[in-house]
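Trainee: As numbered in our numbering, residues 1 to 482 make up the sequence shown, in order.
Sharing a structure with you now.
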Amino acid sequence: MIHFRAIGKIMGGLLFLLGTLMLPASAISWFYREDSSPILISAAISLFMGLVLFFSFSKQDQLVRKREGYMIVALSWLLMTLFGMIPFILSDEVTTTADAIFETVSGLTTTGASILTDIESMPKGLLFWRSMTHWIGGLGIIVLTVAIFPLLGIGGIELFVAESPGPTSDKVHPRISETAKRLWYIYVGLTVLCALLYWAGGMTLFDAFNHSFATLATGGFSTKNSSFAYYNSAFLEYVAILFMFLAGTNFTLLYFGLVGKFRRIIRNDEFKTYALVVATLIVAVLVPIYSQSGSEFESAFRKSAFQVVSIITTTGFITDDYTQYGSGVTFTFFMLLFLGGCAGSTAGGIKFIRHTVFLKNSWLEFKRIVHPRAIVPLIINGDRVTGRIINNIMNFLLIYLLTFVLGVLIISLLGYDLATSLGSVATCLGNVGPAIGKVGPVDNFAFFTPGAKIVLSVIMLLGRLELFTILILFTPFFWRAN
Numbered sequence: 001m002i003h004f005r006a007i008g009k010i011m012g013g014l015l016f017l018l019g020t021l022m023l024p025a026s027a028i029s030w031f032y033r034e035d036s037s038p039i040l041i042s043a044a045i046s047l048f049m050g051l052v053l054f055f056s057f058s059k060q061d062q063l064v065r066k067r068e069g070y071m072i073v074a075l076s077w078l079l080m081t082l083f084g085m086i087p088f089i090l091s092d093e094v095t096t097t098a099d100a101i102f103e104t105v106s107g108l109t110t111t112g113a114s115i116l117t118d119i120e121s122m123p124k125g126l127l128f129w130r131s132m133t134h135w136i137g138g139l140g141i142i143v144l145t146v147a148i149f150p151l152l153g154i155g156g157i158e159l160f161v162a163e164s165p166g167p168t169s170d171k172v173h174p175r176i177s178e179t180a181k182r183l184w185y186i187y188v189g190l191t192v193l194c195a196l197l198y199w200a201g202g203m204t205l206f207d208a209f210n211h212s213f214a215t216l217a218t219g220g221f222s223t224k225n226s227s228f229a230y231y232n233s234a235f236l237e238y239v240a241i242l243f244m245f246l247a248g249t250n251f252t253l254l255y256f257g258l259v260g261k262f263r264r265i266i267r268n269d270e271f272k273t274y275a276l277v278v279a280t281l282i283v284a285v286l287v288p289i290y291s292q293s294g295s296e297f298e299s300a301f302r303k304s305a306f307q308v309v310s311i312i313t314t315t316g317f318i319t320d321d322y323t324q325y326g327s328g329v330t331f332t333f334f335m336l337l338f339l340g341g342c343a344g345s346t347a348g349g350i351k352f353i354r355h356t357v358f359l360k361n362s363w364l365e366f367k368r369i370v371h372p373r374a375i376v377p378l379i380i381n382g383d384r385v386t387g388r389i390i391n392n393i394m395n396f397l398l399i400y401l402l403t404f405v406l407g408v409l410i411i412s413l414l415g416y417d418l419a420t421s422l423g424s425v426a427t428c429l430g431n432v433g434p435a436i437g438k439v440g441p442v443d444n445f446a447f448f449t450p451g452a453k454i455v456l457s458v459i460m461l462l463g464r465l466e467l468f469t470i471l472i473l474f475t476p477f478f479w480r481a482n
């Protein structure tokens, strides 16, 4: 039996929190003497509906198990999309429902793909809310709620497992609410530090916080039409590279680094693979950029590092059009859409831990073939990986591939060329932003039909919630009574 009372009450708490987080955007509108009513009305609607749901259910029947956890996560993202898009609709800056859904989902899933063609003409309050959707979705509003609303009396671990991006068992504290709080302290602290450095580098305070939200959430929404390239600043780009890399790192490792447990970082197989791949690809892409662009070495290195880190961490900021350097570089960046950052980071994508397990297990399979009676365990971070985890990762990779193929088929049947279909589905499923084809680094998604935008929005949600969280709701045994 599913405890719907608990789900309803938690949905109320989430909507109330969402409405509260809209208020800073309305304050921005007031400060810049814009019409703040669209965001204020949206906040009032969210707050009111949140209170109605919260107090409509008794304090009893509060048990949250795995099934309730998955339902809460799926429904929360649906409600956040429906209520989060109201400011876009009321402001008349986004003209269609499909556009409002796409822009909101893209923000909340930290994809950063946009249908806006003239960002700089948008009201600043709405731009701030647009960036705020990144920040909310970064570590997940569910984790934030578990940290702030322990009074809900729910089994927080179920929500944390369902929401947290990537398979990771690391915990910084045995109590899940304390883990969520500490991760958010790091998240908030890095956001403020990044914004201050952006401000020191020449951005306005408004732009600094907007870009900081997008950087730490690995989102990619910018307040400028030309994204990060607008500033043409080496200092700002290096700051962005550093914080994008940190945002793509498992936040529990960042915590261990802050408390001086550096061995936990050095011995982490996923982080070592992540750092090695990033460094290798920067060098690999540097060669054609330096030889073809005519730039000085430092400038070519910065272009390579910025684009590689931005795409691998699924941030999506752009300072250079990587498709101009030939098919080899273009294909390399297309493949980067399938990497993702570390598990437990704000990055999207498949995650390096899955790639690490898959490659190590595939390599060991050769040894098992030669020595069929030998017991050859897979070791990650000094621990033996169980068969259940390996099967889970293999199944995830298969479902990810099937989802990608089905998505490409649907978008192609809707009338788009193969390169655009491949790029749009890969970047939406990986929550990256720029891709190839007509959705390259200097393009956007405005030309898609409303139907295609809805399909891509669903794909973004599937990618952000790592497939199983959504797809499990469509299986018959999920709904069977225990």
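Where a beta carbon is used, it is the ideal one built from N, C-alpha and C, also for glycine.
Only a predicted model underlies this, so the values are computations on that prediction, with no experimental measurement involved.
Taking its Cβ as the centre, do 16 or more other Cβ atoms sit within 10 Å of H371, making it buried, or is it exposed?
Mentor: Classification for H371: exposed.
Trainee: What is the DSSP secondary structure of V309, reduced to helix, strand or coil?
Mentor: Helix at V309.
Trainee: Grab the span of the alpha helix (DSSP H) containing F88 for me, first residue to last.
Mentor: 86-90 is the span of the alpha helix (DSSP H), which, as asked, contains F88.
Trainee: In chain order, what residues of the same chain lie with their CB nearer than 6 angstroms to the CB of S377, ignoring the 5 residues before and after it?
Mentor: Here residue 377 turns out to be Pro, not Ser, going by the sequence shown. Answer for P377: R384, listed in chain order.
Trainee: When you compare the region 451-470 with the region 396-404, are there three or more beta-carbon pairs, one atom per stretch, that lie closer than 8 angstroms?
Mentor: Contact holds: three or more Cβ-Cβ distances are below 8 angstroms.
Trainee: Please give me, in chain order, every unbroken run of the beta strand (DSSP E) with length at least 3 that falls completely inside the region 106-134.
Mentor: Runs found: none.
Trainee: Check this for me: beta carbons of L281 and V308, under 8 angstroms apart or not?
Mentor: In this structure, V308 lies closer than 8 angstroms to L281 by Cβ.
Trainee: Are the CB atoms of A446 and T117 within a distance shorter than 8 angstroms?
Mentor: It is a contact, given that the beta carbons lie within the stated cut-off.
Trainee: Name the one or two DSSP bridge partners that I379 has.
Mentor: Per DSSP, R384.
Trainee: Rounded to the nearest angstrom, what separates L246 and G340 at their Cα positions?
Mentor: When rounded, the distance between both Cα atoms is 13 angstroms.
Trainee: If distances are taken between C-alpha atoms only, which option among S345, L418, W129 comes closest to L254?
Mentor: Ranking S345, L418, W129 by Cα distance to L254 puts S345 first.
Trainee: How would you label F448, buried or exposed, when you count the other beta carbons within 10 angstroms and need 16 or more for buried?
Mentor: That one is buried.
Trainee: How many whole angstroms separate the CB atoms of I41 and L90, which I take to be in contact at a CB cut-off of 8 angstroms?
Mentor: About 6 angstroms; that satisfies the 8 angstroms criterion.
Trainee: If you follow the alpha helix (DSSP H) that W479 is in, where does it begin and where does it stop?
Mentor: Careful: W479 lies outside any alpha helix (DSSP H) and carries neither H nor E.
Trainee: Considering just the uninterrupted stretch of the alpha helix (DSSP H) at T280, what are its terminal residues?
Mentor: Taken as a continuous stretch (DSSP letters only), the alpha helix (DSSP H) holding T280 covers 269-293.
Trainee: Nearest to I45 by CA position, among V458, S226, G316, L23, is which residue?
Mentor: Here the closest residue by C-alpha is L23.
Trainee: Kindly give me the distance between the Cβ atoms of G328 and V432, rounded to whole angstroms, as I take these residues to be in contact under 8 angstroms.
Mentor: Contact flag wrong, Cβ pair sits at about 19 angstroms.
Trainee: Distance, Cα to Cα, G423 vs G138?
Mentor: Each residue's alpha carbon lies about 23 angstroms from the other.
Trainee: Quick check on the DSSP output: the alpha helix (DSSP H) that includes D207 runs from which residue to which?
Mentor: Per DSSP, D207 belongs to the alpha helix (DSSP H) from 205-216.
Trainee: Can you name the start and end residues of the alpha helix (DSSP H) that L53 belongs to?
Mentor: Taken as a continuous stretch (DSSP letters only), the alpha helix (DSSP H) holding L53 covers 37-56.
Trainee: How is the alpha helix (DSSP H) around L17 delimited, first residue to last?
Mentor: Its alpha helix (DSSP H) spans residues 4-31.
Trainee: Along the chain, where does the alpha helix (DSSP H) that runs through Y230 open and close?
Mentor: Segment: none, Y230 is in no alpha helix (DSSP H) and carries neither H nor E.
Trainee: Can you check which of these residues, I436, V188, F271, is closest to I353 by C-alpha distance?
Mentor: Among I436, V188, F271, the Cα nearest to that of I353 belongs to F271.
Trainee: For F474, does the count of other Cβ atoms within 10 angstroms reach 16, so buried, or fall short, so exposed?
Mentor: Classification for F474: exposed.
Trainee: At what residues does the alpha helix (DSSP H) containing T356 begin and finish?
Mentor: First-last of the alpha helix (DSSP H) with T356: 352-370.
Trainee: Would the beta-carbon of L132 fall within 8 angstroms of that of F16?
Mentor: Checking the sequence shown, residue 132 turns out to be Met, not Leu. Not a contact, by the Cβ cut-off of 8 angstroms.
Trainee: Is the beta carbon of A195 closer than 8 angstroms to that of W129?
Mentor: Contact: no.
Trainee: Are the beta-carbon atoms of A234 and R302 separated by less than 8 angstroms?
Mentor: Against a cut-off of 8 angstroms, the Cβ pair of R302 and A234 comes out as a contact.
Trainee: Could you tell me the alpha carbon to alpha carbon distance between V161 and L79, rounded to whole angstroms?
Mentor: Note on V161: pLDDT 49, under 50, position unreliable in the model; no value is reported.
Trainee: Just to confirm, is the Cβ distance from T323 to G430 under 8 angstroms?
Mentor: The answer is no: Cβ separation not under 8 angstroms.
Trainee: Counting only the same chain and skipping the five closest in sequence on each side, list residues whose C-beta sits under 6 angstroms from that of S421.
Mentor: Contacts found: V408, I411, S412.
Trainee: Check whether the Cβ atoms of I311 and L337 lie closer than 8 angstroms to each other.
Mentor: Contact: yes.
Trainee: In this structure, does DSSP put N391 in helix, strand or coil?
Mentor: Here N391 sits in helix by DSSP.
Trainee: From the DSSP output, in three-state form, read off D321 for me.
Mentor: Looking at D321 - three-state DSSP - the assignment turns out to be coil, as it is neither helix nor strand.
Trainee: Take S457 as the anchor and find which of I39, K360, E93, A426 has the nearest alpha-carbon.
Mentor: Considering only alpha carbons, the answer is A426.
Trainee: Nearest to E453 by alpha carbon, out of S29, I39, A100?
Mentor: Correcting the residue type first, residue 453 is Lys in the shown sequence and not Glu. Answer by Cα proximity: A100.
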